[in-house]
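**Q** Sharing a structure with you now.
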Amino acid sequence: MAGHSKWANIKHRKAAQDAKRGKLFTKMIREITTAARLGGPDAGSNPRLRAAVAAALSINMTRDTVDRAIKRGAGGDDGVELETLVYEGYGPAGTAVMVECMTDNRNRTVAGVRHAFTKSGGALGTDGSVSYLFTKKGVISFAEGDEDAIMEAALEAGADDVETNEDGSIDVYTSPADFGTVLDGLEAAGFKPDNAAVSMIPSTEVDLNAEDAPKLMKLIDMLEDLDDVQEVYHNGTMSDEVAATLE
């Protein structure tokens with residue numbers, strides 16, 4: 001999963017830039033509100049809410065903002081009914097792409113998603129066309145650290161696996177249900193992750209060259225700029241040299 005780590009690092013830098021203009025905050029508040037509405041305001045018994053709160057805090061959202069979003073969702077008084085939709089498609093070089101959306105108008109949403117794929121040389125697929133290539137997992141990432149100590153704490157807390165990547169970063173994998181418990185266990189042991197989220201992890205990857213990598217980035221940028229899009233997952237990976245050309 002070395003490629004996943006490299007992409008996670010690139011995405012994390014982009015997320016920090018997005019947060020400055022507030023767009024990512026808006027998406028995170030929407031996810032927290034919906035998670036609290038559907039599963040209740042207690043993050044301890046609501047894995048989706050626990051994951052959303054962890055992701056929000058990792059981009060420096062204040063606890064007050066998080067708490068207000070939870071209360072709004074639990075109260076159910078915002079008057080907006082949102083449904084979650086997942087679209088599947090193909091990007092440059094045959095990459096598999098999954099797009100998680102939250103919307104009150106599915107016609108508007110699918111039109112925007114289809115336009116992004118078409119404009120970027122990709123194609124929107126049918127349900128099940130690429131989802132079989134992905135597995136939902138909790139991913140708790142450390143830029144660096146003591147592998148043995150992190151592994152011991154992670155496995156003791158209930159993690160499924162721990163992997164060290166070529167760049168020295170460490171990824172801890174959990175089931176979605178155990179994500180919050182493992183994250184709490186690692187933090188209690190003194191390990192603060194650089195990134196933590198429930199994500200869709202690809203079983204196979206497509207190595208992108210310097211020509212195809214920016215095309216995929218264009219597709220991802222167009223999708224993430226859509227207000228209805230919450231997350232974009234893909235199986236593209238790239239070498240450090242190619243990644244450096246995108247910065």
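The sequence shown runs 1 to 247 under UniProt numbering. Built from N, CA and C at the ideal position, the CB exists for glycine as well. If you're wondering where the values come from, they're calculated on a predicted model, not measured in any experiment.
Under DSSP, the beta strand (DSSP E) around Lys-192 begins and ends at which residues?
**A** One-based indexing of the sequence shown puts residue 192 at position 192. Note, Lys-192: premise wrong, no beta strand (DSSP E); not H, not E.
**Q** Going by the CB atoms, is the gap between Gly-112 and Leu-226 shorter than 7 Å?
**A** As a working note, residue 226 is residue 226 in the sequence shown. As a working note, residue 112 is residue 112 in the sequence shown. Closer than 7 Å, so yes.
**Q** Using alpha carbons as the reference points, say which of Ala-93, Gly-44, Thr-174 lies closest to Pro-214.
**A** Mapped onto the sequence shown, residue 214 falls at position 214. Closest by alpha carbon: Ala-93.
**Q** In angstroms with no decimal places, state the Cα-to-Cα distance between His-4 and Thr-237.
**A** Taking the first residue of the sequence shown as position 1, residue 4 is located at position 4. Taking the first residue of the sequence shown as position 1, residue 237 is located at position 237. Per-residue confidence for His-4 stands at a pLDDT of 48, beneath the threshold of 50, marking its modelled position as unreliable; the derived number appears in the next sentence. If I take the Cα positions, the gap works out to 7 Å.
**Q** Ala-177 to Pro-47, Cα distance in whole Å?
**A** Along the sequence shown, one-based indexing puts residue 177 at 177. Along the sequence shown, one-based indexing puts residue 47 at 47. Rounded to the nearest angstrom, the two C-alpha atoms are 6 Å apart.
**Q** Look at the alpha carbon of Asp-171 and the alpha carbon of Val-162, and state the distance between them as a whole number of angstroms.
**A** Locating residue 171 in the sequence shown gives position 171, counting from the first residue. Locating residue 162 in the sequence shown gives position 162, counting from the first residue. If you take the alpha carbons of Asp-171 and Val-162, they lie about 6 Å apart.
**Q** Looking at the unbroken beta strand (DSSP E) that takes in Ala-88, where does it start and where does it end?
**A** Translated into the one-based positions of the sequence shown, residue 88 becomes position 88. At residue 88 the sequence reads Glu, which differs from the Ala that was named. Here the beta strand (DSSP E) through Glu-88 covers 83-90.
**Q** Taking the Cβ atom as the reference point for each residue, do residue 248 and Ala-189 lie within a distance shorter than 7 Å?
**A** Outside the displayed range of the chain (1 to 247) lies residue 248, so it cannot be described from this structure.
**Q** Mapping DSSP to helix, strand and coil, what is Ile-201?
**A** Residue mapping note: residue 201 aligns to position 201 of the sequence shown, counting from 1. Reduced to three states, the DSSP call for Ile-201 is strand.
**Q** Going by beta carbon distance, what residues of the same chain come within less than 7 Å of Ser-129, once the five residues before and after it are set aside?
**A** What you label residue 129 is simply residue 129 of the sequence shown in a count that begins at 1. The residues are Glu-88.
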